[in-house]
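Colleague:
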Amino acid sequence: MASISARRLAKELREIEGEGCPVGINLIKADDFATWWFTIEVMGDSLYQGEVHTLQFRFDPQYPISSPAVQFLVTDGRTAPVHPHVYSNGHICASILGNEWSPVLSVVAVCVTLQSMLASCKKKERPVDNDRYVRNAPDNPKKVCRFSDY
Amino acid sequence: MSDREPLWFCHECHSEMRPLMAPDPVCASCHGSFVEKMENPADDPREFAHTHNEDPERDGLPPALDTFLMSLQSLMERGIAQAPRTQNETGSAPRMTFEVRGGNGTRVVRLGGTNTLNNPSLNTVGAEPANIGAVPTMSEFLRRNPNEGQNGPTITGPLMAQYLMALLGQNDPLSALFAGGLGGGLPENGRMGDYVFNQEALDQIITQLMENSNAHRPVPATEEIIANLPREVLVEGSAMLEKDCAVCKEQFKLETEDPDEQIVITLPCKHPFHDPCILPWLKSSGTCPVCRYQLVPQPEHHGPPTGPTQDSGGSRQASPGSNPPQRDRGDHGGLFHAILQGFTGGSNTGTSRATGATNNGRHQRSNSDPPHSSRNGSNSNLPGGWTEDLD
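Line order of the protein sequences matches chains E and L. With this note's numbering applied, the first sequence covers 239 to 388. With this note's numbering applied, the second sequence covers 16 to 406.
Structure below.
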């Protein structure tokens, strides 16, 4: 019997492939049930017009009980958007990725939330503690991100 | 600088200022009364202070040690009926003696002493061994006495031990002071316990605190709550067969590989889930995944509390009786934690100092409040909201 995690991700993948992603979000890699990549782009008027960023999802076998580890990729020329909740190493400070995660959320829901987080941004700046955080950041971005609105 | 009016020097905080005349001169920055007018260049008080700092060995104790011992003493006062004796000086060796009153009488713990001064390896425990028969060694003290009263008004053995261990740990400031004085012994990593001496070490501490902060971690549902949830075994014609489980996003159905998937658990908020889908979630967070209904009180979070007994306005302030159970605060026994626990876990004869420290401990949590409250009432990002949009 497939694990709950694999069944759930298979279902999400089927829906993405069947119905497509929301506007501005594109699946670019989902070879397994461990790591998926999406490109994300803010549509309409925003500070991020024309920018395309890559989001990485990493799932553990407890998904969706445990949240996916989500971050922007900053390798191979990709960059993290400059945003008060996004560290320059790609880690994202968003409460739904941490303590406010719920198994009702899905990969697409997280993408849409992050898209709207960027869309509503008023000022492009790094988190105030960016340098400090990036110097000592854990590999797993799930360990941060407790206090944001998203 | 004005030539007309010479500045004053404060021997307590070492600042140069113009004193407040109230009516005797007191330091404008620390309000200390040990101030001196700098009118005679031949007798500059700053030089006195300077040389004093440069030669900490001159009068036996590094200058900071006095302060440290004083603050240590005031920290210990709550649990110790008799104020600790500090600095029984024998020759040049600083030494401390604590008297700790437990359920089983009074115990004495000695720190430092002559023969440990130049031997850092002995400083980790620092008790004077063998030669004082009546005084227990540190390890003896650490051993929990089975006869010891559990709820005495003083700091009990294990707690006291934890506190002292934090103080006496490998990197603690006390042994560093004993070992090398202030000048020689700064550790390479810039840390001595919870004390830091450079930016990198501070970063590490802050990161560590952030990672270990459990204040916002969800509180799991208890076994009892889980056991008492209503369960329904699906049968032909169940109304439930029309509905979905929000965790696996599958419709409830009769033919399943796992017979447990024919058991539906409905939370008090009426949201139904497969038994194997919801149980692992409840064991990590006692909330409804759909609407965040709290089966057990949760730390403050963004979502509107949906418990039937709570109103949306006042429930952010948990009533004193329904405070979420504090999780284990982590097993890293830093000085900060030990002191905090000493205050919060000690007797209830709180002093104003103790209250202050406790509040500091909670400050971390209240720091995170502003972003929360700013969107109190907006639930556009709640899981329930998204699923409605997406499904």
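Backbone N, C-alpha and C fix where the C-beta goes; we use that ideal spot for every residue, glycine too.
Using a Cβ cut-off of 9 Å, which residues of the region 292–305 of chain E contact any Cβ in chain L, in chain order?
Modeller: Listed in sequence order: Q300, P302, I303 and S304.
Colleague: Starting from the C-beta of L/L217, find all residues in its chain whose C-beta is less than 6 Å away, skip the five residues before and the five after it, and write them out in chain order.
Modeller: Cβ neighbours of L/L217 beyond the five flanking positions: V211.
Colleague: Starting from the beta carbon of E/P341, find every residue of chain L whose beta carbon is closer than 8 Å, and list them in chain order.
Modeller: By Cβ distance, chain L contributes A261, V262, C292, W296 and P304.
Colleague: State the DSSP-derived secondary structure class of E/V372, mapped to helix, strand or coil.
Modeller: Here E/V372 sits in helix by DSSP.
Colleague: Against chain E, with Cβ distances strictly below 8 Å, would L/D218 count as a contact?
Modeller: Taking Cβ atoms only, chain E reaches closer than 8 Å to L/D218, which makes this a yes.
Colleague: For L/T262, does the three-state DSSP call read helix, strand or coil?
Modeller: Residue 262 of chain L is actually Val in this sequence, not Thr. Correct three-state label for L/V262: coil.
Colleague: Helix, strand or coil, according to DSSP, for L/L22 in the structure here?
Modeller: Correct three-state label for L/L22: coil.
Colleague: Report, in whole angstroms, the separation of the C-beta atoms of E/L335 and E/K380, which I expect to be a contact under 8 Å.
Modeller: So it is a contact: roughly 6 Å between Cβ atoms.
Colleague: How far does the beta strand (DSSP E) with E/R296 in it extend, from its first residue to its last?
Modeller: It spans V290 to R296 - the beta strand (DSSP E) in which E/R296 sits, taken as one unbroken run.
Colleague: Establish whether the CB of E/R364 and some CB of chain L are separated by less than 8 Å.
Modeller: So no, E/R364 is outside the interface.
Colleague: Chain L beta carbons: is any one of them nearer than 8 Å to that of E/I278?
Modeller: Judged by the 8 Å Cβ criterion, E/I278 is not in contact with chain L.
Colleague: Would you call the CB atoms of E/E289 and E/P319 closer than 8 Å?
Modeller: It is a contact, given that the beta carbons lie within the stated cut-off.
Colleague: Have a look at L/E54 and L/P60 and give me their C-alpha separation to the nearest angstrom.
Modeller: One C-alpha to the other measures close to 10 Å.
Colleague: Mind listing the chain E neighbours of L/R232? Cutoff is C-beta to C-beta under 8 Å, in chain order.
Modeller: Residues of chain E passing the Cβ test: N337.
Colleague: Rounding to the nearest angstrom, what Cα-Cα distance links E/F271 and E/A244 in this structure?
Modeller: C-alpha separation (whole angstroms): 6 Å.
Colleague: Would you say the region 256–271 of chain L touches the region 282–295 of chain L, given that touching needs at least three Cβ pairs under 8 Å?
Modeller: Yes, the region 256–271 of chain L is in contact with the region 282–295 of chain L.
Colleague: So, is the C-beta of L/I240 closer than 8 Å to a C-beta in chain E?
Modeller: No, no contact with chain E.
Colleague: Just mark L/P274 as buried or exposed, buried being the case when its beta carbon has 16 or more other beta carbons within 10 Å.
Modeller: Exposed: under 16 other Cβ atoms inside 10 Å.
Colleague: Tell me the DSSP bridge mates of L/L35?
Modeller: In the DSSP output, where bridge partners are listed per residue, L/L35 has L/V41.
Colleague: Given this structure, state the Cα-to-Cα distance separating L/Q313 from L/P283, to the nearest angstrom.
Modeller: Each residue's Cα considered, the two are about 16 Å apart.
Colleague: Quick one: is E/N378 buried, meaning 16 or more other Cβ sit within 10 Å of its Cβ, or exposed?
Modeller: Answer is exposed; the Cβ neighbour count stays below 16.
Colleague: So that I know if they touch, is there some Cβ in chain L lying closer than 8 Å to that of E/P254?
Modeller: Sequence check: residue 254 of chain E is Ile here, not Pro. Not closer than 8 Å to any Cβ of chain L, the Cβ of E/I254 fails to qualify, so no.
Colleague: For a cutoff of 8 Å on Cβ pairs, would you count E/R370 as touching chain L?
Modeller: Taking Cβ atoms only, chain L reaches closer than 8 Å to E/R370, which makes this a yes.
Colleague: Between the beta-carbon of L/I293 and the beta-carbon of L/I280, is there less than 8 Å?
Modeller: Yes, the pair counts as a contact, with Cβ atoms nearer than the cut-off.
Colleague: Whole angstroms are fine: how far does the CA of E/P341 sit from the CA of L/N243?
Modeller: Approximately 22 Å, taken between the alpha carbons.
Colleague: Could you say which of E/E338, E/G258, E/I263 and E/T313 lies nearest to E/C349 if we only look at CA atoms?
Modeller: Of the candidates E/E338, E/G258, E/I263 and E/T313, the one whose C-alpha sits nearest the C-alpha of E/C349 is E/I263.
Colleague: Determine the contact status of L/H26 and L/V41, defining contact as a CB-CB distance below 8 Å.
Modeller: No, these two residues do not count as a Cβ contact at 8 Å.
Colleague: Between L/I280 and chain E, is there a C-beta pair that is closer than 8 Å?
Modeller: L/I280 does not count as touching chain E.
Colleague: List the residues of chain L that E/I330 touches, going by C-beta distances under 7 Å, in chain order.
Modeller: Those within 7 Å of E/I330 in chain L number zero; the least Cβ separation is about 14 Å.
Colleague: Under a three-way DSSP split, which group does L/N162 fall into?
Modeller: Residue placement at L/N162 is poorly supported in this model, since its pLDDT is 49, which falls under 50; the coordinates still yield a value, given next. DSSP places L/N162 in coil when its eight states are reduced to three.
Colleague: Can you tell me which of L/S44, L/T271 and L/C303 puts its alpha carbon nearest to the alpha carbon of L/V250?
Modeller: With distances taken between Cα atoms, L/V250 lies closest to L/T271.
Colleague: Helix, strand or coil for L/K52 per DSSP?
Modeller: It is a strand residue.
Colleague: Using beta-carbon positions only, say whether E/I330 and E/L311 come within less than 8 Å of one another.
Modeller: For E/I330 and E/L311, no; Cβs fall outside 8 Å.
Colleague: Do you know offhand how far E/I391's Cα is from E/V345's?
Modeller: Any question about residue 391 of chain E goes unanswered here, given that chain E covers just 239 to 388.
Colleague: For E/V372, which residues of its own chain have a beta-carbon under 7 Å away from its beta-carbon, when the five flanking residues on both sides are left out?
Modeller: Contacts found: Y325, S326 and N327.
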